[in-house]
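In numbering that gives the first Met the number 0, the protein residues as written are 0 to 125.
Positions of the beta carbon are idealized from the N, C-alpha and C atoms, including for glycine.
Note that the structure is predicted; figures quoted are calculated from it, not measured.
Each remark here refers to the structure printed beneath this line.
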Amino acid sequence: MGAAESVPETSIHEFTVKDGSGREVSLETYKGKVLLVVNVASKCGFTETNYTQLTELYQKYRDREFEILAFPCNQFLRQEPGSDQQIKDFACTRFKAEYPVFQKVRTICWTFLLSGSFCLFYFFNE
């Protein structure tokens with residue numbers, strides 16, 4: 000099942016998505032980790048701040064079972080017009096993103112995330 004489909008998954012880990020190179024990735028790979036699932040766009044007014052903060056957050060917490068799953072999306076005001084390779088290059092070169100940047104999607108498991116069965120807030124103690 001694709002991440003953009005409205006399907007009755009009961010766990011985020013039941014989704015399979017494609018990475019920026021087109022390879023299928025089961026989100027089961029991330030089971031047991033704290034996940035930040037986020038839309039990204041290279042032409043948004045918040046691009047600089049968002050990518051910078053995502054990179055800082057990942058650098059700070061990646062050794063604590065934390066993963067950022069970045070999903071480019073052109074759906075909102077067409078702010079991500081690039082190809083999957085251009086998007087990956089942009090994130091990894093300009094912002095040193097070491098977290099996964101997946102293929103462009105229309106939505107991120109939207110129906111599933113809005114169902115409320117995924118939300119969990121986790122705070123790291125410093």
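Query	Result
Give me the residue from Lys87, Pro99, Glu13 and Gly21 with the minimum Cα distance to Ser41.	Lys87
Does the contact criterion of 3 or more C-beta pairs under 8 Å hold for the region 19-38 versus the region 83-98?	yes
Would you identify the three-state DSSP class for Ala96, choosing helix, strand or coil?	coil
Which one of Tyr60, Thr51 and Cys91 has the shortest CA to CA distance from Leu34?	Tyr60
If contacts are defined as beta-carbon pairs under 8 Å, then Val39 and Tyr57 qualify, I think. What distance do you get, rounded to the angstrom?	Not a contact, Cβ separation roughly 13 Å.
Counting only runs of 4+ residues fully inside the region 23-67, write out the alpha helix (DSSP H) ranges in chain order.	46-60
Can you tell me which residues form a DSSP beta bridge with Lys17?	Glu23
Going by beta-carbon coordinates alone, are Phe101 and Leu76 separated by less than 8 Å?	no
Note down, in chain order, each residue of its chain lying with its Cβ closer than 6 Å to the Cβ of Glu27, except the 5 sequence neighbours on either side.	His12
By the 10 Å Cβ neighbour count, where 16 or more other Cβ atoms means buried, how is Glu79 classified, buried or exposed?	buried
Comparing C-alpha positions only, which one of Arg105, Pro99, Glu47 and Gly31 sits nearest to Arg63?	Gly31
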